[in-house]
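Visitor:
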Amino acid sequence: MEVIRINTEDFRSNIINIPLTSDFWSIVTPEGRIIDPREIFSVYLRRISPVLVDDVAQDFRKFTSNETSVVIEALPGLLPTAKWMDYPHVRKIADNKLFQLKLARSLGLSVPETLVTNDYASLLMFAAGRRIIYKTLYIPILDLDDRGVSVINTTLLTDQYMKQLEVSLRLCPSLFQVYIEKEYELRIHIVGNDILAVSIDSQSVSGAEIDWRTADFDALPYEPVKLPTYVYDKIVSFTRSLGLNFGIIDMIVTPDGQYVFLEINPNGNWLWIERAIGLDVSGRIARWLS
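So for the sequence shown, the working numbering puts the first residue at 8; every next one is plus one.
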């Protein structure tokens, strides 16, 4: 089976011909390869990167990027017989954390007690006498323009942090959850009908207790685990309800053995775990696509 890679950021370098009066359209790559949509069996959508427009006059950059993005977003509809991992519009809906939590709860998964608010008084009432964490609703990246970017990690609220929120919370709705004590955490990889669960002993590594993403990934202990049947079945139901063929779920297992759903990333990373313990995620993706 032949594999063709197209980078969305370089999409403008291809020659695009889409006559809407015909079922045939084509893409010609910079190397001269003609991509016939009738030959495309499956599509693996890893990531849609912003279209590069550095060569375009400043006044036309946003316009050029938007026009190109519309064509990229239309590709699923132009490839009706191909199977996708996954459709971009399905991913976009599934990536909403509020929607995820609501759906997970409705299907019987345990979720943390959660409040989304921009009202400081409501936060005070929610937090009274409890340990509370803050996490972002969207991509946890703060763009600092010419100073680069800053990652916003899951944060346990301190008195100092609460004092800052008295002013800053009104800027936008924010997500707060009651902190869940952890025995260990789970990284659950869904590939088609396969589910590969890995435990992460975040509590044994300094700095990883609240958010293991802040730690050295190589220092974290990983181990393949088998999920209880009732958790497995609910995850299958949850993923199918979202319409996803791929996703990575983060869960907590509490000291008393409760499984708590945190979120699903429809485009999560897995390669470092695959390399660390030989988890065959890549192979399963390849088999699903073929």
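From the three backbone atoms N, C-alpha and C, an ideal C-beta is built for every residue, glycine too.
1) Any contact of the segment 88-102 with the segment 50-58, i.e. 3+ C-beta pairs under 8 Å?
2) How long is the line joining the alpha carbons of residue 228 and residue 99, rounded to whole angstroms?
3) Should residue 3 be labelled buried (16 or more other beta-carbon atoms within 10 Å of its own) or exposed?
4) What are the start and end residues of the beta strand (DSSP E) that includes residue 231?
5) Kindly indicate which three-state DSSP category residue 68 falls into: helix, strand or coil?
6) Residues in the same chain with beta-carbon distance under 7 Å from residue 44, minus the five sequence neighbours each way, listed in chain order, please.
7) Given that a residue counts as buried once 16 or more other Cβ atoms are within 10 Å of its Cβ, and exposed if not, what is residue 204?
8) Taking a contact to mean a Cβ-Cβ separation below 7 Å, would you say residue 144 touches residue 133 in this structure?
9) Would you give the residue range spanned by the alpha helix (DSSP H) that residue 184 belongs to?
10) Would you say residue 139 and residue 164 are within 7 Å of each other, going by their C-beta atoms?
11) Do you know offhand how far residue 168's Cα is from residue 105's?
12) What's the gap between the Cα of residue 4 and the Cα of residue 197?
13) Roughly how many angstroms lie between the CA atoms of residue 30 and residue 200, to the nearest whole one?
14) With DSSP collapsed to three states, give me the class of residue 93.
15) Can you pull the DSSP bridge partners for residue 272?
16) Provide the residue span of the beta strand (DSSP E) that contains residue 203, from first to last.
17) Residue 174 bridges to which residues according to DSSP?
Guide: Based on what the coordinates show:
1) Under the three-pair Cβ rule at 8 Å, the segment 88-102 counts as touching the segment 50-58.
2) 32 Å
3) Absent from the model: residue 3. The displayed extent of the chain is 8 to 297, so no value can be given.
4) 229-232
5) helix
6) Setting aside the 5 residues that flank it on each side, residue 44 is surrounded in the same chain by 32, 85 and 86, each with a C-beta closer than 7 Å to its C-beta; the list follows chain order.
7) buried
8) No, they are not a contact pair.
9) It is not in any alpha helix (DSSP H) - residue 184 instead sits in the beta strand (DSSP E) that spans 181-185.
10) yes
11) 23 Å
12) Coverage of the chain is limited to positions 8 through 297, which leaves residue 4 absent and any answer about it impossible.
13) Those two C-alpha atoms are separated by around 32 Å.
14) Assigned with DSSP and collapsed to three states, residue 93 falls in coil, not helix or strand.
15) 255
16) 201-207
17) DSSP output for residue 174 lists no bridge partner at all.
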